[in-house]
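Read the structure below first, then the notes.
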Amino acid sequence: MSLADPMLANLGSRIDLRKATILLIEPSNQAMDVLTSIFLGFGATHTLRASSFEEAQQVIHSNVLDLIACEATLQPEEPDGYELVSWLRRSGLEPNAFAPVLLLSSHTSTRNVSRARDCGAHFMVTKPLAPAVLLQRILWIAQHNRTFVSCDAYCGPDRRFQNLGPPDGIGRRHNDLPAEVGAVAGANMDQDEIDNLLTPQKVVR
Amino acid sequence: MSSVSFIRRPNRLGKLISAPGGRKLGQAVAEAEANIETLRPSLLAEVDEALERLREAAGRTEAAAHTEVYNRATAIVSFAGLCGLTRVGQVAYNLCELSDRYIEAGTWNEAAIAAHIQTMGVLRTANLPDDSAEAEEVLEGLKTLVRRAEEKAAAAEAG
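Protein chains in written order, with the working numbering: chain A, 339 to 543; chain B, 588 to 746.
This is the structure in structure tokens:
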């Protein structure tokens with residue numbers, strides 16, 4: 339979905355989180371204060387909090403969520419944030435199983451970033467949290483409604499950010515297009531036609 | 588061959604946050620930053636406490652203490668940058684990387700860990716501006732110390 343979508347026309351310059359239900363999962367009280375302060379600054383009025391895996395599961399079961407911000411490392415001796423997201427994606431809970439998830443972590447090693455990608459999170463945001471970065475990620479999620487992919491090995495938002503075509507030019511799926519570009523089917527559109535298609539115009543009566 | 592399904596769901600978040608009204612993006616960021624600023628004293632206290640716990644953990648030798656070193660270093664990374672201690676946060680991040688690598692490999696280099704903790708202590712108490720030449724020198728010194736400690740450990744293992 340792009341900014342051209344009239345539903346998202348306001349998104350370029352403003353953000354309205356007043357009606358969004360946001361779940362914040364953070365085991366440290368101090369870090370929870372930071373996270374809450376940021377979302378308050380963004381204008382969020384309905385934030386739910388959880389400090390452990392179990393608490394988070396309970397909140398997810400009993401509320402419809404629009405966004406989840408989850409610390410990757412939860413309480414010791416219990417499943418972590420990555421496992422929570424994996425569980426959520428396969429939980430079958432509508433619509434929460436498809437809720438956007440931001441994983442937050444102080445240590446973004448290659449291993450942790452790979453785990454975040456493979457568990458089904460939308461983004462990993464590194465700590466210390468910078469409000470501008472967090473806001474940018476939220477806007478990106480709102481503007482790009484990623485299709486969800488579900489298979490044996492993965493369940494979550496489509497991880498492909500670039501369309502590079504099938505590997506080695508050979509498709510494996512029935513809907514993969516061949517690498518060869520077909521013959522031109524008609525004349526190119528001129529610039530006026532393109533502008534008319536993309537630029538909203540007032541109709542003068 | 589496993590089956591793959593592609594599922595499209597309505598963009599609930601996009602519709603909600605693009606409703607007319609709300610805050611300008613610049614205003615939202617400024618308010619969030621101002622809110623964090625009010626937490627500065629407690630965040631500084633949190634960094635100091637994590638440093639203290641880090642020193643204690645580094646003095647112990649059992650495996651749980653190594654995990655504690657890693658956890659305390661991540662806590663410092665979370666808060667130091669939010670209360671004007673960016674350099675302390677950078678050293679803490681290096682300590683996360685190092686301790687994580689040691690834990691994975693089943694090794695531990697006390698001298699390298701101690702060098703990080705001492706450097707954080709110096710940066711915290713000296714109150715050096717992040718962009719000062721002195722802070723840069725302290726960090727360069729840390730790199731040298733860690734390199735020497737690792738070379739020494741490698742030599743001891745080989746010999």
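The beta-carbon is built from N, C-alpha and C at its ideal position, and this holds for glycine as well.
Please say whether residue 644(B) and residue 696(B) have beta carbons closer to each other than 7 Å? The residue you call residue 696(B) lines up with position 109 of the second sequence. The residue you call residue 644(B) lines up with position 57 of the second sequence. No, Cβ-Cβ distance for residue 696(B) and residue 644(B) is not below 7 Å.
Applying the 10 Å Cβ sphere with the 16-neighbour rule, what's the burial state of residue 469(A)? Locating residue 469(A) in the first sequence gives position 131, counting from the first residue. Buried, because 16 or more other Cβ atoms sit within 10 Å of the Cβ of residue 469(A).
Residue 389(A) at chain B interface by Cβ criterion, 7 Å: The sequence position of residue 389(A) within the first sequence is 51, counting from 1. So, not an interface residue.
Determine the direct distance from the alpha carbon of residue 647(B) to that of residue 714(B), and round the result to whole angstroms. As a first step, residue 714(B) is located in the second sequence; it is residue number 127 there, counting from the start. As a first step, residue 647(B) is located in the second sequence; it is residue number 60 there, counting from the start. One C-alpha to the other measures close to 28 Å.
Is the segment 661-670 of chain B close to the segment 620-634 of chain B, with three or more CB pairs under 8 Å? yes
To the nearest angstrom, report how far apart residue 389(A) and residue 527(A) are at their CA atoms. Sequence index remark: in the first sequence, residue 389(A) carries index 51 (1-based). Sequence index remark: in the first sequence, residue 527(A) carries index 189 (1-based). Cα to Cα, residue 389(A) sits roughly 56 Å from residue 527(A).
As a quick exercise: from 462(A), 411(A), 433(A) and 525(A), pick the residue whose alpha carbon is nearest that of residue 597(B). Sequence index remark: in the second sequence, residue 597(B) carries index 10 (1-based). When only C-alpha atoms are compared, the closest one is 433(A).
Inter-residue spacing [alpha-carbon to alpha-carbon] between residue 627(B) and residue 590(B): Locating residue 627(B) in the second sequence gives position 40, where the first residue counts as 1. Locating residue 590(B) in the second sequence gives position 3, where the first residue counts as 1. Roughly 51 Å between the two C-alpha positions.
Inter-stretch contact at 8 Å, needing at least 3 Cβ pairs: the segment 458-477 of chain A / the segment 488-495 of chain A: yes
Stretch-stretch touch, CB-based, cutoff 8 Å, three pairs: the segment 441-458 of chain A with the segment 400-412 of chain A: yes
Might you give, ordered along the chain, the residues of its own chain that have their beta carbon closer than 8 Å to the beta carbon of residue 710(B), omitting 5 neighbours on each side? By 1-based counting over the second sequence, the position of residue 710(B) is 123. The answer, listed in chain order, is 672, 674, 675, 678, 722 and 725.
Need the endpoints of the alpha helix (DSSP H) that residue 475(A) sits in, please. The residue labelled residue 475(A) in the question sits at position 137 within the first sequence. Its alpha helix (DSSP H) spans residues 469-481.
Length of the line joining the Cα atoms of residue 615(B) and residue 519(A): For the purposes of this step, residue 615(B) is taken as residue 28 along the second sequence, with counting starting at 1. For the purposes of this step, residue 519(A) is taken as residue 181 along the first sequence, with counting starting at 1. So the two alpha carbons sit approximately 46 Å from each other.
Is the segment 470-479 of chain A touching the segment 530-537 of chain A, taking contact as three or more C-beta pairs under 8 Å? no
For residue 370(A), does the three-state DSSP call read helix, strand or coil? Start at 1 with the first residue of the first sequence, and residue 370(A) comes out as number 32. The answer is helix: DSSP assigns residue 370(A) an H, G or I state.
Give every residue of the same chain whose Cβ lies closer than 8 Å to the Cβ of residue 686(B), excluding the five residues on either side of it in the sequence, and list them in chain order. Translated into positions along the second sequence, residue 686(B) becomes position 99. Taken in chain order, the residues that qualify are 653, 656, 657, 660 and 700.
Looking at the C-beta of residue 455(A), does it have a partner C-beta in chain B at a distance below 7 Å? Walking along the first sequence from the start, residue 455(A) turns up at place 117. No, no contact with chain B.
Measure the Cβ-Cβ separation of residue 358(A) and residue 603(B) and say whether it is below 7 Å. In the first sequence, the residue the question calls residue 358(A) occupies position 20. In the second sequence, the residue the question calls residue 603(B) occupies position 16. A contact, by the Cβ cut-off of 7 Å.
Starting from residue 442(A), follow the beta strand (DSSP E) in both directions and report where the run begins and ends. Numbered from 1 along the first sequence, position 104 holds the residue referred to as residue 442(A). That run of the beta strand (DSSP E) goes 439-443.
What does residue 489(A) touch in chain B if you count any residue whose Cβ is under 9 Å from its own? Taking the first residue of the first sequence as 1, we reach residue 489(A) at position 151. Result: 589, 590, 591 and 592.
Check each residue of the segment 618-638 of chain B: if its Cβ is closer than 8 Å to any Cβ of chain A, include it; give the result in chain order. 618, 619, 620, 621, 622, 623, 625, 626, 629, 630 and 633
Residues of chain B with CB under 8 Å from residue 466(A), in chain order? By one-based count along the first sequence, residue 466(A) stands at place 128. Correct list: 664, 665, 666, 667, 668, 669 and 676.
What's the C-alpha gap between residue 290(A) and residue 356(A)? Coverage of chain A is limited to positions 339 through 543, which leaves residue 290(A) absent and any answer about it impossible.
Three-way DSSP call (helix, strand, coil) for residue 693(B) in this model: Taking the second sequence and counting its residues from 1, one reaches residue 693(B) at position 106. Here residue 693(B) sits in coil by DSSP.
Interface residues of chain B facing residue 405(A) [CB-CB closer than 8 Å]: Counted from its first residue, the first sequence places residue 405(A) at position 67. What residue 405(A) touches in chain B: 600.
If you reduce the DSSP assignment to three classes, tell me which class residue 415(A) lands in. In the first sequence, residue 415(A) corresponds to position 77, counting from 1. If DSSP states are grouped into helix, strand and coil, residue 415(A) belongs with coil.
Does the beta-carbon distance from residue 488(A) to residue 592(B) come in below 7 Å? Indexing the first sequence from 1 puts residue 488(A) at position 150. Indexing the second sequence from 1 puts residue 592(B) at position 5. Yes, they are a contact pair.
Just list the alpha helix (DSSP H) runs in the segment 642-726 of chain B, keeping only unbroken ones of 4 residues or longer that don't cross its boundaries, in chain order. 650-667, 673-692 and 697-713
Return no unless some Cβ of chain B is closer than 7 Å to the Cβ of residue 340(A). As a working mapping, residue 340(A) is identified with position 2 in the first sequence. At residue 340(A) the pLDDT is 40, less than 50, meaning the model places this residue with poor confidence; the figure from the coordinates comes in the next sentence. No, because no Cβ of chain B sits closer than 7 Å to the Cβ of residue 340(A).
Answer yes or no: do residue 422(A) and residue 435(A) have a C-beta to C-beta separation smaller than 7 Å? Indexing the first sequence from 1 puts residue 422(A) at position 84. Indexing the first sequence from 1 puts residue 435(A) at position 97. Against a cut-off of 7 Å, the Cβ pair of residue 435(A) and residue 422(A) comes out as no contact.
CA nearest to the CA of residue 667(B), picked from 600(B), 642(B) and 708(B): Your numbering for residue 667(B) matches position 80 in the second sequence. Comparing Cα positions, the closest option is 708(B).
How about residue 439(A) and residue 406(A): are their beta carbons less than 7 Å apart? Counted from its first residue, the first sequence places residue 439(A) at position 101. Counted from its first residue, the first sequence places residue 406(A) at position 68. Yes; because the gap between Cβ atoms is below 7 Å, this pair is in contact.
How about residue 623(B) and residue 682(B): are their beta carbons less than 7 Å apart? On the second sequence, position 36 is the one that residue 623(B) refers to. On the second sequence, position 95 is the one that residue 682(B) refers to. Contact: no.
Here's the rule: buried if 16 or more other CB atoms are within 10 angstroms of the residue's CB, otherwise exposed. What is residue 706(B)? Here residue 706(B) is taken as the residue at index 119 of the second sequence, counted from 1. Buried is the call here.
Determine, using beta carbons only, whether residue 381(A) and residue 640(B) come nearer to each other than 7 Å. Translated into positions along the first sequence, residue 381(A) becomes position 43. Translated into positions along the second sequence, residue 640(B) becomes position 53. Going by C-beta atoms, residue 381(A) is not nearer than 7 Å to residue 640(B).
Along chain A, in chain order, which residues have C-beta atoms closer than 8 Å to that of residue 684(B)? Numbered from 1 along the second sequence, position 97 holds the residue referred to as residue 684(B). By Cβ distance, chain A contributes 445 and 447.
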